[in-house]
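Note sheet for the following structure.
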Amino acid sequence: MVHMDNCSVCVRWSVFAMNCLVWLGGSVMLGLGIWITTQDTEYKHLAGNLYVTIGYIVLSSFVFIIGFVGSCGILLMKDNLLKMYFALMFVLLLAELGVAIYLYIEKDKIPDHIATNWNKTTDEARINIQKEFECCGLKPQNLNHKSSSDKSCFVDNDPEKGRLEDCYTHLMDWTKKNHIILATCSVIVAVMQMLILGGTCRLIAQIESGDRMVTQTRVVPLNIQPIDVRQMQMQHWNPGPINAQPMAVRQIQMQQWNPGTIPQPARAEAEEVRQSNTATPLSEDSEDGPLRSTITRKKWAKIHPKYNPVFSLLD
-19 MVHMDNCSVC VRWSVFAMNC LVWLGGSVML GLGIWITTQD TEYKHLAGNL YVTIGYIVLS
41 SFVFIIGFVG SCGILLMKDN LLKMYFALMF VLLLAELGVA IYLYIEKDKI PDHIATNWNK
101 TTDEARINIQ KEFECCGLKP QNLNHKSSSD KSCFVDNDPE KGRLEDCYTH LMDWTKKNHI
161 ILATCSVIVA VMQMLILGGT CRLIAQIESG DRMVTQTRVV PLNIQPIDVR QMQMQHWNPG
221 PINAQPMAVR QIQMQQWNPG TIPQPARAEA EEVRQSNTAT PLSEDSEDGP LRSTITRKKW
281 AKIHPKYNPV FSLLD
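Listed below in structure tokens is the structure:
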């Protein structure tokens, strides 16, 4: 579970709401494409071009998949899904930008494209379009010309009231009147996609920062006991043999050492050495007296090093 502050929570659900709009748009596009392709309607001619139909369905499916991956990544807070969602949304934004640039470059060919598709439509489809947009035909005609088998070309379906404006001119006029709305919608969609990209980056950074914190604060278990248990054991610690005791304990024991524990033969030999040193004919005030005693003791200590502590006790 990723710990998130209030700002991150707001970003998360805002991105989720915008992603739901993308998912809904992809679902509608995909459903509309399948319906036009499979059903016999007045818009059947739109599916006449196989490449256009396949491209439309692929694009709709792509948008639908983007919405699905984004919803799963945001709800589950999985960085892998969010990274995939970011990549797919970025590709979609680049594709939309490419289409906009292409339409701007090829804007002079749009009338020819409209005329080609208009001629491919059925009479029923053209009549429905003329009724919907209140127009007649694709190209401009004499508005006073009354000869027409299609009553939808006239005002109130009455030839006496005059012919309606052609559909191409009507479509261009409608586009000019509503170009602000169309541009605003396009900008809103682009801004929404950029906000989704930014919010997705924020969520990915939040997840990765949480993973780094968990990794840095992870405690590796050691094969030792807790500190409180070790302190209790130190309080009840038995010093054991002198060789394994700490320095402080050994010093205390040396202060309490009883010299009476020295073996009797060793004490006798040490006393003999002491008497031999003190029985020297030289006086202690002379320079050779202490020297002789020291030399004798060093000689004895060199032969019997185990009695060195005894000399210090006897002195």
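Counting in the working numbering, the sequence shown runs from -19 upward without gaps. In this text, a Cβ means the ideal position worked out from N, Cα and C, and glycines have one as well.
Between the beta-carbon of leucine 177 and that of arginine -8 there is about 14 Å, and that puts the pair past the 8 Å contact cut.
Cα atoms of phenylalanine 66 and aspartate 59: separation of roughly 10 Å, rounded to the nearest angstrom. Taking a contact to require three or more Cβ pairs closer than 8 Å, the stretch 67 to 84 and the stretch 106 to 116 do not qualify as touching. Assigned with DSSP and collapsed to three states, aspartate 59 falls in helix. Cβ contact annotation for methionine 64 (same chain, cutoff 8 Å, sequence separation greater than five): Val49 and Gly53, in chain order. The DSSP-derived three-state label of asparagine 158 is coil. By the Cβ neighbour-count rule, leucine 83 is exposed, with fewer than 16 other Cβ atoms within 10 Å of its own. Across the set Ile85, Ile37, Phe(-4) and Met174, the C-alpha of Ile37 shows the shortest separation from the C-alpha of tryptophan 15. The criterion of a C-beta distance shorter than 8 Å is not satisfied by alanine 95 and leucine 68.
Cβ-Cβ separation between phenylalanine 44 and serine 7: approximately 6 Å, consistent with a contact (criterion under 8 Å). Counting along the chain, the unbroken alpha helix (DSSP H) around glycine 6 starts and ends at -14 to 18. In this chain, the alpha helix (DSSP H) harbouring aspartate 103 covers 103 to 113. In this structure, methionine 9 lies away from glutamine 186, with their beta-carbon atoms at least 8 Å apart. Note that the C-beta distance between methionine -2 and leucine 151 is not below 8 Å.
Residue environment for serine 166: exposed (fewer than 16 other C-beta atoms within 10 angstroms of its C-beta).
Valine 2 sits away from glycine 35, with the two beta carbons spaced by 8 Å or more.
Look at cysteine 116 here: in three-state DSSP terms it is coil, with no helix or strand label. Taking the C-beta atoms as reference points, aspartate 146 is found no nearer than 8 Å to cysteine 181. DSSP places aspartate 92 inside the alpha helix (DSSP H), whose first and last residues are 90 to 100. In the three-state reduction of the DSSP assignment, aspartate 153 falls in the helix class, which pools H, G and I. Taking all protein chains in view, the Cβ of serine 40 is crowded by 16 or more other Cβ atoms within 10 Å, so the residue is classified as buried.
Here the alpha carbons of methionine 57 and glutamate 104 stand approximately 51 Å from one another. For glutamate 188, the three-state secondary structure derived from DSSP is helix.
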